[in-house]
Amino acid sequence: IKMSIIDKIFNYSEDYRYKTWKIFGIKFSVVKKYNSKKINIYEEIKKHDIISFDIFDTLLIRPYIKPTDLFLHIEKLYKIKGFHKNRIMAEKLARGKYIDYEDITLNQIYEEIDDKYKLFKEIEIELEERILTIHKENKEIYDYALSLGKKIIIVSDMYLPKEVIEKILIKNNYTNYYKLYLSSDLMLTKASSNLYKYIINDLRVKPSTIMHLGDNYHSDFENSRLYGIDAFFIEKIINIFLKNNIRAEKLLHENENNIGVSIMLGLSAFSCFNKNDKNKENNYWRNFGFIYGGPAVFSYMNWLKKQIIKENIKEVLFVARDGYSLKKVFDIIKPEYIKTHYIYAPRIIYYLIALDFKYYNLGDSVKSVLEYYKDKDEYLEKHTPKITSVTQGYKFILDNIEIYKNLAKQEYQNYKEYIEKFNIDKDNIGIVDTGSLFKTSQKIISLFLGKENVIGYYWILFKNKYYKSNQYKAKYFEKKEKSKILDWNLIEFLITSPEPPIKNISDLKPVYSIPSKYEQKRMEIYEYISARIVEFSKIAKNCFWELETFIGNEEVTNWLNILINNPSDNDKKYFKSLRAYEDANHKDKAVYVIQRWFIKNKGRKYYLFSFIPFLRKERFAGGEIKYYLFSFIPILKIKIIENTRKYYLFNIFNILTIKQ
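Read in this note's numbering, the sequence shown has 75 at position 58, and its numbers run on one by one without any break.
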């Protein structure tokens with residue numbers, strides 16, 4: 018029976034009858050399929066005395082796309098060029114050399130490898146021990162079988178030594194099993210089916226009393242059935258993930274032998290374990306946060322950790338609202354001695370305190386200052402104009418600058434009290450934000466802690482030809498002049514906290530704006546996104562600890578850009594009701610989070626007799642083309658996804674699909 022992770026409790030199984038005989042020592046088998054029935058795996062466990070489990074991709078998972086990517090990881094970690102290819106070739110040579118045996122050992126593999134790589138045998142074992150992780154769903158089945166008092170055996174075709182496998186099983190809490198049958202120990206394999214014959218004889222039981230679970234259709238399912246053992250095929254989670262995410266296939270195709278991509282997608286496959294929510298929308302956002310937000314935040318915070326250690330920073334301030342999930346993830350992976358704070362430093366505070374409008378968006382900043390201060394002073398309350406132009410508002414501020422300066426001093430004192438409550442050591446402070454043009458938050462903090470003591474850390478610093486701020490120290494994750502992320506609003510969406518926009522600080526607490534309907538919607542779903550971002554990083558740390566994962570800016574940027582360029586109908590469905598704000602007040606300029614999904618490019622019209630608009634063609638972002646008869650009757654839609662073109666008559670009926 019084929020079993021997916023999500024639909025594993027109930028599935029369809031086919032019963033078989035077998036007849037086996039020998040002619041001149043050659044074994045022949047006839048397999049006759051005779052009926053189908055719905056199977057509950059937990060009910061089937063009750064019917065069997067012995068439950069047998071495969072190990073790799075069944076009980077334990079490697080967080081890579083391919084098992085051999087572990088060798089590529091070693092090559093990158095130790096900068097030992099050629100190890101990946103040599104290790105694969107050594108195994109082929111060993112299997113060719115020991116052809117009379119059904120399997121080989123790790124020692125025999127390393128006998129065939131180049132001398133300069135021999136010392137990596139122990140490193141390979143250590144890495145296997147470190148990265149192999151529990152298969153969450155199958156661990157539940159394992160524990161259920163134990164709870165019923167079933168005799169559990171573990172069966173694997175594997176070259177690693179038996180004592181290593183036993184150690185890994187114990188580390189992952191697979192204990193209380195009856196026996197471990199290992200091909201490298203017995204020199205019999207599931208692939209040949211002889212290991213099953215050995216097990217039946219060793220246990221002295223009827224084959225029908227055994228139920229075997231594994232991920233290899235031939236070795237685990239077909240071959241165990243040949244001996245009358247009941248078997249269940251459980252698909253690899255990485256295969257399930259790749260089948261359900263064509264963007265992952267595209268990323269792999271474009272990044273062959275990129276260990277960072279392999280690890281990023283290998284970890285993303287753990288999303289298959291996320292339980293389905295009855296609310297499909299909530300489930301969509303959970304998976305979106307894990308698969309896209311998880312790698313993005315993890316890679317940025319991994320880079321930050323290296324910078325913080327290198328710069329000997331002891332205290333790190335994460336700026337609200339962008340710093341919400343960033344801090345959560347950094348706290349998971351950081352050294353213990355580093356202190357972190359989540360701090361409010363919105364742009365409006367800088368405007369109010371510094372009255373600095375020289376390089377900023379005058380429309381936003383002037384309007385914000387006028388609106389805020391008009392309730393703080395009797396004169397301003399009566400005379401602040403409803404501005405019709407930025408120049409008018411700016412002139413009013415300059416004409417009444419002494420009033421505004423006095424009010425600014427009060428705001429300075431108010432914010433100073435807020436900063437002082439954190440008891441921040443003024444030496445070597447890091448301040449973390451994502452995208453910035455003027456380093457506004459860093460400027461606010463520097464007013465109180467000294468700009469010489471503060472280093473800003475950013476994903477990207479946007480460049481402005483009219484403004485240079487080299488006097489404020491800064492490092493950034495993406496070092497290009499323009500972000501390579503095709504739509505920066507996606508990054509903002511993935512990291513902005515579930516809080517409304519911040520107006521100011523009062524009584525040492527943030528004062529929030531009344532959220533718009535779009536903000537309210539975003540706040541509701543962001544809890545799901547953030548929780549999964551954090552979960553991704555916990556799994557990554559559990560698998561790799563302090564080992565470099567090589568998930569860097571390039572890998573994450575490519576991954577997000579493939580998403581942006583290849584939306585599914587489901588993506589559009591859930592993003593359509595969301596908006597991002599591009600103004601400081603978060604009131605105006607509401608745009609789609611990923612604009613290219615919904616804003617069409619300029620169309621083209623075809624005229625009959627040069628004046629009758631006979632046909633109109635519209636091309637949409639994401640690979641969609643629509644044709645309209647007489648400019649308004651929809652007659653044909655073409656969707657282009659990867660190498661597939663789908664044609665829809667009247668934009669509805671799928672009449673043709675072409676795979677190129």
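Where is the CB? At the ideal position from N, CA and C, for every residue including glycine. Please read these numbers as outputs of a predicted model, since none were measured by experiment.
Pair within 8 Å by beta-carbon distance, residue i and residue j
{"i": "Lys356", "j": "Lys323", "result": "no"}
{"i": "Asp280", "j": "Tyr115", "result": "The question names Asp, but residue 280 in the sequence shown is Ile. No, these two residues do not count as a Cβ contact at 8 Å."}
{"i": "Asp348", "j": "Asp450", "result": "no"}
{"i": "Ile67", "j": "Lys168", "result": "yes"}
{"i": "Leu334", "j": "Val314", "result": "no"}
{"i": "Glu509", "j": "Ala425", "result": "no"}
{"i": "Leu268", "j": "Asn582", "result": "no"}
{"i": "Ser514", "j": "Phe479", "result": "no"}
{"i": "Val336", "j": "Ala362", "result": "yes"}
{"i": "Leu653", "j": "Leu577", "result": "no"}
{"i": "Glu572", "j": "Val346", "result": "no"}
{"i": "Tyr244", "j": "Ser209", "result": "no"}
{"i": "Arg549", "j": "Leu595", "result": "no"}
{"i": "Leu679", "j": "Leu87", "result": "Past the edges of the chain, shown from 18 to 677, lies residue 679, and the structure says nothing about it."}
{"i": "Lys634", "j": "Tyr644", "result": "yes"}
{"i": "Ile579", "j": "Ile461", "result": "no"}
{"i": "Leu503", "j": "Ile370", "result": "no"}
{"i": "Met228", "j": "Glu61", "result": "yes"}
{"i": "Tyr159", "j": "Phe70", "result": "yes"}
Local Cβ density within 10 Å of residue i, reported as buried at 16 or more and exposed below that
{"i": "Phe250", "result": "buried"}
{"i": "Asp117", "result": "exposed"}
{"i": "Ser316", "result": "buried"}
{"i": "Ile556", "result": "buried"}
{"i": "Ile629", "result": "exposed"}
{"i": "Ile522", "result": "buried"}
{"i": "Ser200", "result": "buried"}
{"i": "Thr408", "result": "exposed"}
{"i": "Asn57", "result": "exposed"}
{"i": "Val172", "result": "buried"}
{"i": "Gly467", "result": "exposed"}
{"i": "Thr192", "result": "exposed"}
{"i": "Ile130", "result": "buried"}
{"i": "Phe307", "result": "buried"}
{"i": "Phe647", "result": "exposed"}
{"i": "Gly310", "result": "buried"}
{"i": "Trp562", "result": "exposed"}
{"i": "Gln459", "result": "buried"}
{"i": "Ile216", "result": "buried"}
{"i": "Thr674", "result": "exposed"}
{"i": "Asn668", "result": "exposed"}
{"i": "Ser382", "result": "buried"}
{"i": "Val528", "result": "exposed"}
{"i": "Gly113", "result": "exposed"}
Residues bridged to residue i [DSSP beta-bridge criterion]
{"i": "Asp247", "result": "Met228"}
{"i": "Ser285", "result": "According to DSSP, Ser285 bridges with nothing at all."}
{"i": "Tyr194", "result": "DSSP lists no partner for Tyr194."}
{"i": "Ser69", "result": "Ile170, His229"}
{"i": "Val528", "result": "Asn521"}
{"i": "Val608", "result": "Ala597"}
{"i": "Tyr665", "result": "Lys654, Asn671"}
{"i": "Pro630", "result": "Tyr624"}
{"i": "Arg221", "result": "BP columns for Arg221 are empty, so no partner."}
{"i": "Thr75", "result": "Thr75 pairs with nothing; no bridge assigned."}
{"i": "Tyr535", "result": "According to DSSP, which records beta bridges pairwise, Tyr535 is partnered with nothing at all."}
{"i": "His358", "result": "Leu334"}
{"i": "Gly473", "result": "Ile448, Ala491"}
{"i": "Thr150", "result": "Ile78"}
Residue i CB to nearest heavy atom of the ligand NAD below 7 Å
{"i": "Ile446", "result": "By its list of ligands, the structure shown contains no ligand whatsoever, and the ligand NAD lies outside what it can speak to."}
Notebook entry, point to check: Residue ranges of each alpha helix (DSSP H) run of no fewer than 4 residues wholly in the region 435-471, ordered along the chain?
Noted result: For the region 435-471, whole alpha helix (DSSP H) runs of length 4 or above, ordered along the chain, are 457-466.
Next item on the list: Specify whether the region 286-300 and the region 241-258 touch according to this definition: at least 3 beta carbon pairs, one from each stretch, less than 8 Å apart.
Entry: yes
Next item on the list: Specify whether the region 149-159 and the region 124-133 touch according to this definition: at least 3 beta carbon pairs, one from each stretch, less than 8 Å apart.
Entry: no
Margin query: Suppose only complete runs of 4+ residues qualify. What are the alpha helix (DSSP H) ranges in the region 78-142, listed by chain order?
Written below: 86-95, 100-114, 123-128
Note to self: Below 8 Å, how does it come out for the region 130-149 and the region 182-191: are there three or more Cβ pairs, yes or no?
What the structure shows: yes
Next item on the list: Could you pull out every unbroken alpha helix (DSSP H) segment of at least 4 residues lying fully inside the region 327-351, listed in chain order?
Entry: 340-350
Notebook entry, point to check: Counting Cβ pairs closer than 8 Å, one from the region 567-574 and one from the region 527-534, do we hit at least three?
Noted result: no
Next item on the list: Say whether the region 128-144 touches the region 91-101, bearing in mind that this needs 3 or more beta-carbon pairs closer than 8 Å, one atom from each stretch.
Entry: yes
Check: Is the region 542-561 touching the region 234-251 in the sense that three or more CB pairs, one from each, lie closer than 8 Å?
Finding: no
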